[in-house]
Ligand code: FES
Ligand SMILES: [Fe+2]
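Residue numbers (our numbering): 67 to 419.
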């Protein structure tokens with residue numbers, strides 16, 4: 067059982083129930099994803115007047131839209147009438163949103179502008195019922211959103227170490243491809259796998275391991291973020307692989323002239339979705355894009371396989387969490403402590419499981 071007082075060398079990982087029981091999924095949605103800034107889309111996707119992106123963030127449908135006068139807003143994508151989704155998921159361009167259920171109309175800032183056959187609604191004032199606004203910030207190339215309550219901390223409070231570090235690391239990088247993966251594991255299993263300090267890289271990713279100087283792998287915990295790094299073996303110039311994890315579940319991976327981001331979102335009990343976006347510096351012809359995506363896809367499939375196996379075994383009567391390997395797993399341990407604090411998970415003070 068996770069013990070807040072235990073140091074890493076005697077600590078024990080989260081109990082399996084945190085990954086399998088519905089009550090923790092509810093808290094993940096409310097207190098983790100529902101109380102965090104999330105990188106919802108790329109700013110270039112909503113650069114033009116009328117452009118919008120509609121997506122589901124851990125169970126909350128949200129729209130990010132730029133209205134004709136250039137104002138960028140984020141708001142709940144749930145109709146004020148009977149809760150249909152106002153904008154279809156995906157991205158596009160619109161002059162207004164018309165609910166597909168009974169035709170209520172909203173403008174691109176979320177104001178309710180029209181109700182078909184709406185005469186005789188004696189007390190309902192449509193100006194009092196816009197779609198609930200979310201907080202929005204554009205930083206670097208991403209649009210970040212946060213639910214209207216609880217009141218958010220400044221974005222820098224959540225991702226400051228990454229903001230300071232990024233500097234010109236992605237200067238000249240352009241988006242080249244996206245893909246979504248559905249994984250049969252709790253989102254925390256996927257994050258745990260990412261945060262094991264390269265411990266699984268040799269056994270699970272032999273192809274990837276060949277390109278890294280595994281002995282030089284290192285992990286730093288920086289606030290609620292962590293940075294893992296490893297020299298790339300095929301360069302003499304000291305190029306590095308950088309692996310950022312930003313609370314709660316966003317990864318940014320940089321390898322020389324290529325980068326990818328992975329947003330992990332819960333998608334039901336024991337299920338998550340991982341949104342991958344790839345970026346590359348300079349011109350990237352289609353063959354190169356295909357090669358970048360294919361090699362990343364290989365690694366992702368290896369991770370998915372092990373994560374799905376772990377999730378399935380977390381329901382066994384014979385597994386009760388395990389210790390951490392201090393040399394590798396400091397970031398995973400800190401992630402568990404942060405998760406316990408965010409959700410109010412009752413930490414055991416009684417020592418190891
Ligand atoms: S649910 Fe949207 S108009 Fe009825
Ligand atoms: Fe992996």
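Every residue gets a Cβ at the ideal spot worked out from N, C-alpha and C, and that includes glycine.
Assumed close pair residue 408, residue 98 - CB separation to whole angstroms, cut-off 8 Å: Against the chain shown, residue 408 aligns to sequence position 342. Against the chain shown, residue 98 aligns to sequence position 32. Contact flag correct, Cβ pair sits at about 5 Å.
Contact test: residue 318 Cβ vs ligand 2 heavy atom, cutoff 7 Å: Mapped onto the chain shown, residue 318 falls at position 252. No; taking the cut-off as 7 Å, the Cβ of residue 318 has no heavy atom of ligand 2 nearer than that.
Assumed close pair residue 261, residue 397 - CB separation to whole angstroms, cut-off 8 Å: Taking the first residue of the chain shown as position 1, residue 261 is located at position 195. Taking the first residue of the chain shown as position 1, residue 397 is located at position 331. About 4 Å separates the two Cβ atoms, so the contact holds.
Inter-residue Cα distance where the pair is residue 494 and residue 197: The shown model of the chain, from 67 to 419, leaves out residue 494, and the question about it has no answer.
Nearest residue (CA-CA) to residue 389, options 383, 402, 377 and 381: On the chain shown, residue 389 is found 323 positions in, with the first residue counted as 1. Closest by alpha carbon: 402.
Chain-order list of residues whose beta-carbon lies under 6 Å from that of residue 133 (same chain, five-residue window excluded): Looking up residue 133 in the chain shown gives position 67. Taken in chain order, the residues that qualify are 174 and 175.
Per-residue DSSP class, three states only, for residue 111: Position 45 of the chain shown, counted from the first residue, corresponds to residue 111. In this structure, residue 111 counts as helix in the three-state DSSP scheme.
Selection from 206, 123, 226 and 307 that minimises the alpha carbon distance to residue 274: What you label residue 274 is simply residue 208 of the chain shown in a count that begins at 1. The candidate whose alpha carbon is nearest that of residue 274 is 307.
Burial state of residue 317, where buried means 16 or more other Cβ atoms lie within 10 Å: Stepping through the chain shown from its first residue, residue 317 is reached at position 251. It is buried - the Cβ of residue 317 has at least 16 other Cβ atoms within 10 Å.
Test item: CB-CB of residue 102 and residue 313 under 8 Å: Your numbering for residue 102 matches position 36 in the chain shown. Your numbering for residue 313 matches position 247 in the chain shown. Cβ distance < 8 Å, so residue 102 and residue 313 count as in contact.
Residue 395 burial status per 10 Å Cβ neighbour count (16 or more: buried): To locate residue 395, count along the chain shown from 1; it is residue 329. Result: buried.
Same chain, Cβ closer than 8 Å to residue 246, five either side skipped, listed in chain order: As a first step, residue 246 must be located in the chain shown, where it is residue number 180. Hits under 8 Å: 339, 340, 341 and 342.
Integer Cβ distance of residue 365 from residue 271, believed to fall under 8 Å: In the chain shown, the residue the question calls residue 365 occupies position 299. In the chain shown, the residue the question calls residue 271 occupies position 205. Contact flag correct, Cβ pair sits at about 6 Å.
Backbone secondary structure at residue 291 - three-state DSSP: The sequence position of residue 291 within the chain shown is 225, counting from 1. It is a strand residue.
Residue 254 burial status per 10 Å Cβ neighbour count (16 or more: buried): As a working mapping, residue 254 is identified with position 188 in the chain shown. Buried, since its Cβ has 16 or more Cβ neighbours within 10 Å.
First through last residue of the beta strand (DSSP E) which encompasses residue 375: Counting from 1 along the chain shown, the entry for residue 375 is found at position 309. Counting along the chain, residue 375 falls outside any beta strand (DSSP E), though it belongs to the alpha helix (DSSP H) covering 352–379.
Cutoff 7 Å; reference residue 399; Cβ partners in own chain excluding five residues on either side: The residue labelled residue 399 in the question sits at position 333 within the chain shown. Result list for residue 399: 74, 77 and 390, in chain order.
Residue from 136, 172 and 131 with nearest C-alpha to residue 496: A question about residue 496 goes unanswered here, because the residues of the chain that appear run from 67 up to 419.
Interface flag, residue 353 vs chain B, CB-CB below 8 Å: Among the chains of the structure shown, chain B does not appear; only one protein chain is present.
Pairwise C-alpha distance: residue 355 and residue 143: Residue numbering aside, residue 143 sits at position 77 when the chain shown is read from its first letter. Residue numbering aside, residue 355 sits at position 289 when the chain shown is read from its first letter. If I take the Cα positions, the gap works out to 33 Å.
Pick from 384, 138, 370 and 383 that is closest to residue 256, judged by C-alpha positions: For this step, residue 256 is matched to residue 190 along the chain shown. Residue 256 has its Cα closest to that of 370, out of 384, 138, 370 and 383.
Cβ pair count under 8 Å reaching 3, the segment 186–196 against the segment 113–129: no
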